[in-house]
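Student: Sharing a structure with you now.
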Ligand SMILES: [Fe+2]
Ligand SMILES: [Fe+2]
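Residue numbers (our numbering): 87 to 399.
So, in structure tokens, the structure goes:
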């Protein structure tokens, strides 16, 4: 076997190609740059930060709160259920923000090697601009909610240091898509729900519009990259993507949120992980991105077990 044959993906591992050819990356980037110029937000000016929060309105659709449907949930008053939704949203925003910081560093490293005269490179910088505004928006919202500093576990936070400093190729784009698309699904539902706090719906609306461009950029780039991987690279990249996706999904709700309603963090976390409603919510959140990742071939093989453990499939 020649080296070229050896490095080629094995037949059973070969990523499935899309029916339609993926568009040229510069044409896509030009469209995304035009769209960014026409439809971008300044959360500092475009949201009413001074408006009072309504004490009766939840911060997430209540059926998406991690304990919904459990014995513990039935033991909470309506006011406590709303309070828990506030703390879970604060955790989702702050852990999401943490992943945006990771993404910004990876995009900056990605742009470092590109010809910045080209639209594709300029869009990477434009996306960093979007994410800086999002991160300030989420941070400011968490401050307004008056909730604690929720975050990923310390060891995951430190692994993030290694990941953001080294990841490239599909191992960079695929976990970013998992983060963006699972939160996007939740945000779309909440933004359409008139029972949810108006400030939260406004935040979600801004994020959904701008993330749609990021998703397009990353999805197409992933499709372009996958056929270029050797078999060895494919296995390694699948493993990294599975580990990062698992840790991200597992970290979205800081167990400390349960203290807000008098439940011990370990008890709340165990109940949430065993809760069929919560497991179904996670699968629903991942319902658009996982079939895509499987189709392009970055999900497959032994590392799939981690997605099941994270209730993403
Ligand atoms: Fe974002
Ligand atoms: Fe994004």
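All C-beta atoms, glycine included, are put in the ideal place defined by N, C-alpha and C.
For residue 95, count the other beta carbons within 10 Å of its own beta carbon; 16 or more makes it buried, fewer makes it exposed. Which is it?
Tutor: Mapped onto the chain shown, residue 95 falls at position 9. Confidence in residue 95 is poor, its pLDDT being 40 and thus under 50, which makes the residue's placement unreliable; the coordinate value appears in the next sentence. It is buried - the Cβ of residue 95 has at least 16 other Cβ atoms within 10 Å.
Student: Ordered along the chain, which non-local residues of its own chain (more than five positions away) have a Cβ less than 7 Å from that of residue 166?
Tutor: The residue you call residue 166 lines up with position 80 of the chain shown. Once the five neighbours on either side are set aside, the close Cβ partners of residue 166 are 347.
Student: Quick check: the segment 205 to 218 against the segment 281 to 300, are there 3 or more CB pairs under 8 Å?
Tutor: With the cut-off at 8 Å, the segment 205 to 218 and the segment 281 to 300 touch.
Student: Could you check whether residue 386 and residue 345 sit closer than 8 Å to each other, using their CB atoms as the reference points?
Tutor: Locating residue 345 in the chain shown gives position 259, counting from the first residue. Locating residue 386 in the chain shown gives position 300, counting from the first residue. For residue 345 and residue 386, no; Cβs fall outside 8 Å.
Student: Once you ignore the five residues that flank residue 294 on each side, which residues in its own chain have a CB closer than 7 Å to its CB?
Tutor: Numbered from 1 along the chain shown, position 208 holds the residue referred to as residue 294. So the list reads 270, 273, 274, 277, once near-sequence residues are dropped.
Student: By the three-class DSSP mapping on this structure, what secondary structure does residue 293 have?
Tutor: As a position in the chain shown, residue 293 is number 207, starting the count at 1. It is helical.
Student: Taking the alpha-carbon positions, what's the residue 134 to residue 176 distance?
Tutor: Working through the chain shown from its first residue, we reach residue 134 at position 48. Working through the chain shown from its first residue, we reach residue 176 at position 90. Taking the straight line from one Cα to the other gives about 18 Å.
Student: Does DSSP classify residue 357 as helix, strand or coil?
Tutor: Stepping through the chain shown from its first residue, residue 357 is reached at position 271. The answer is helix: DSSP assigns residue 357 an H, G or I state.
Student: Are the beta-carbon atoms belonging to residue 398 and residue 369 less than 8 Å from one another?
Tutor: Walking along the chain shown from the start, residue 398 turns up at place 312. Walking along the chain shown from the start, residue 369 turns up at place 283. A contact, by the Cβ cut-off of 8 Å.
Student: Can you check which of these residues, 382, 192, 194, 150, is closest to residue 173 by C-alpha distance?
Tutor: Position 87 of the chain shown, counting from 1, holds the residue named residue 173. It is 150.
Student: Which same chain residues end up closer than 6 Å to residue 228 when comparing Cβ atoms and leaving out the 5 residues on each side of it in sequence?
Tutor: One-based indexing of the chain shown puts residue 228 at position 142. So the list reads 176, 179, 180, once near-sequence residues are dropped.
Student: Decide yes or no for the touch test of the segment 351 to 366 against the segment 186 to 199: beta carbon pairs closer than 8 Å, at least 3 of them.
Tutor: No, because fewer than three Cβ pairs between the segment 351 to 366 and the segment 186 to 199 fall closer than 8 Å, the two stretches do not touch.
Student: Report the option in 352, 144, 249, 222 whose CA atom is closest to the CA atom of residue 284.
Tutor: Counting from 1 along the chain shown, the entry for residue 284 is found at position 198. If we check each option's Cα against that of residue 284, 144 comes out closest.
Student: Return helix, strand or coil for residue 94, following the three-state DSSP convention.
Tutor: Position 8 of the chain shown, counted from the start, is the residue given in the question as residue 94. For residue 94, the predicted model reports a pLDDT of 40, less than 50, meaning its position is unreliable; a value from the coordinates is still stated below. DSSP places residue 94 in coil when its eight states are reduced to three.
Student: Please identify the residue among 234, 132, 171, 377 whose C-alpha is closest to the C-alpha of residue 142.
Tutor: By one-based count along the chain shown, residue 142 stands at place 56. The shortest C-alpha separation from residue 142 is found at 171.
Student: So, at 7 Å on beta carbons, what are the nonlocal neighbours of residue 205 in its own chain, with the 5 sequence-adjacent residues on each side left out?
Tutor: One-based indexing of the chain shown puts residue 205 at position 119. Counting only Cβ-Cβ distances below 7 Å, and skipping sequence neighbours, we find 112, 115, 116, 119.
Student: Within the same chain, show all residues whose beta-carbon is closer than 7 Å to that of residue 375, passing over the 5 residues directly before and after it, in chain order.
Tutor: Taking the chain shown and counting its residues from 1, the one referred to as residue 375 is at position 289. Cβ neighbours of residue 375 beyond the five flanking positions: 263, 264, 267, 268.
Student: Could you tell me which of 242, 396, 383 sits nearest to residue 184, measuring between CA atoms?
Tutor: Walking along the chain shown from the start, residue 184 turns up at place 98. The option with the nearest alpha carbon to residue 184 is 242.
Student: Are residue 349 and residue 152 close, meaning C-beta to C-beta below 8 Å?
Tutor: For the purposes of this step, residue 349 is taken as residue 263 along the chain shown, with counting starting at 1. For the purposes of this step, residue 152 is taken as residue 66 along the chain shown, with counting starting at 1. Going by C-beta atoms, residue 349 is not nearer than 8 Å to residue 152.
Student: Comparing alpha-carbon positions, which option in 280, 219, 373, 392 lies nearest residue 292?
Tutor: Mapped onto the chain shown, residue 292 falls at position 206. It is 219.
Student: For residue 336, which option in 197, 393, 260, 258 has the closest C-alpha, if you only look at C-alpha atoms?
Tutor: Walking along the chain shown from the start, residue 336 turns up at place 250. Here the closest residue by C-alpha is 393.
Student: Going by the C-beta, is residue 140 closer than 7 Å to any heavy atom of ligand 1?
Tutor: By 1-based counting over the chain shown, the position of residue 140 is 54. No, ligand 1 has no heavy atom inside 7 Å of this Cβ.
Student: Taking the alpha-carbon positions, what's the residue 247 to residue 139 distance?
Tutor: What you label residue 247 is simply residue 161 of the chain shown in a count that begins at 1. What you label residue 139 is simply residue 53 of the chain shown in a count that begins at 1. Straight-line Cα distance between these residues: approximately 35 Å.
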